[in-house]
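**Q** Numbered by the working numbering, the letters in the sequence shown go through residues 524 to 678 in order.
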Amino acid sequence: MGMRRLAIVDVAGGHQPFHSPDGRYSLVFNGEIYNFRQLRAELEGDRAFESRGDAEVILAGYERWGDGVWPRLDGMFAVAVWDRATRVLTLARDPIGIKPLYYTDQRAGFAFASELKALTDLPGFAFTTDERALLDYFRFGHVRGPRSIHAEVAT
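Put into structure tokens, the structure is as follows:
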């Protein structure tokens with residue numbers, strides 16, 4: 524898992540991917556969690572936090588609540604959590620989609636990003652225009668999910 528981000532919260536300690544203390548989970552995250560301090564206070568009995576940022580709080584919440592963490596997050600986010608033990612990748616985004624989450628599954632591999640250009644620039648991946656999505660864009664001013672402008676990419 525790789526990550527590039529604009530650092531806003533905990534610039535020094537917020538490097539990603541972020542790993543759980545036991546190494547089971549890895550997380551990449553784009554966005555901002557407005558209530559991370561409250562969640563951190565709720566989770567502090569479970570672990571000693573190493574950073575001051577929201578990414579570690581999301582991961583600690585995922586360790587405690589599993590997928591129950593997502594409705595607890597107040598903010599804009601696109602998140603990926605890799606579970607090394609079960610080999611399951613969980614992708615989540617804020618309910619409104621302020622931070623989009625795109626993914627593609629092709630012969631070259633599975634990839635995800637919060638910007639479409641990050642996927643279309645990947646070597647070995649091929650993309651074609653989804654004509655129905657293009658019609659939706661001209662008709663409604665946006666592409667309705669789970670479609671994207673590319674037939675090989677979903678949201």
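Ideal Cβ placement from N, Cα and C applies to all residues, glycine included.
Between the alpha carbons of E565 and F648, how many angstroms are there, rounded?
**A** 42 Å
**Q** What did DSSP end up calling F600 once you bin it into helix, strand or coil?
**A** F600 falls in the strand class under three-state DSSP.
**Q** Could you tell me whether the Cβ atoms of A578 and F552 are closer together than 7 Å?
**A** Between A578 and F552, the C-beta spacing is below 7 Å.
**Q** Among all the DSSP beta bridges, which residues are the ones paired with D590?
**A** Answer is none; D590 lacks a bridge partner.
**Q** Would you call the segment 604-616 and the segment 643-660 touching, i.e. three or more CB-CB distances under 8 Å?
**A** no
**Q** Give me the Cα-Cα distance between Y660 and L612, rounded to the nearest whole angstrom.
**A** C-alpha of Y660 to C-alpha of L612: approximately 30 Å in a straight line.
**Q** Specify whether the segment 623-633 and the segment 663-678 touch according to this definition: at least 3 beta carbon pairs, one from each stretch, less than 8 Å apart.
**A** yes
**Q** Counting only runs that start and end within the segment 595-677, where is the alpha helix (DSSP H) found for 4 or more residues in a row?
**A** 639-643 and 654-663
**Q** Determine the closest residue to S637 out of D617, F650, T651 and R655, with distance taken between C-alpha atoms.
**A** Per the C-alpha coordinates, the member of D617, F650, T651 and R655 positioned closest to S637 is D617.
**Q** Taking just the CA atoms, how far does R563 sit from A571?
**A** 10 Å
**Q** Here's a check: name, in chain order, each residue in its chain whose Cβ is nearer than 6 Å to the Cβ of N558, leaving out the five neighbours to either side.
**A** D597
**Q** Measure how close the beta-carbons of T652 and E675 come, nearest whole angstrom, since I'm counting them as under 8 Å.
**A** Not a contact, Cβ separation roughly 10 Å.
**Q** Cutting at 6 Å between CB atoms, please list the residues of its own chain near H542, excluding the five before and the five after it.
**A** In chain order, S549 place their CB closer than 6 Å to the CB of H542, counting only its own chain and leaving out the 5 sequence neighbours on each side.
**Q** Going by C-alpha distance, which of R560, L582, F633 and V592 is nearest D545?
**A** L582
**Q** For my contact list, F633 and L614 are in at a C-beta cut-off of 8 Å; report their separation, rounded to the angstrom.
**A** Not a contact, Cβ separation roughly 10 Å.
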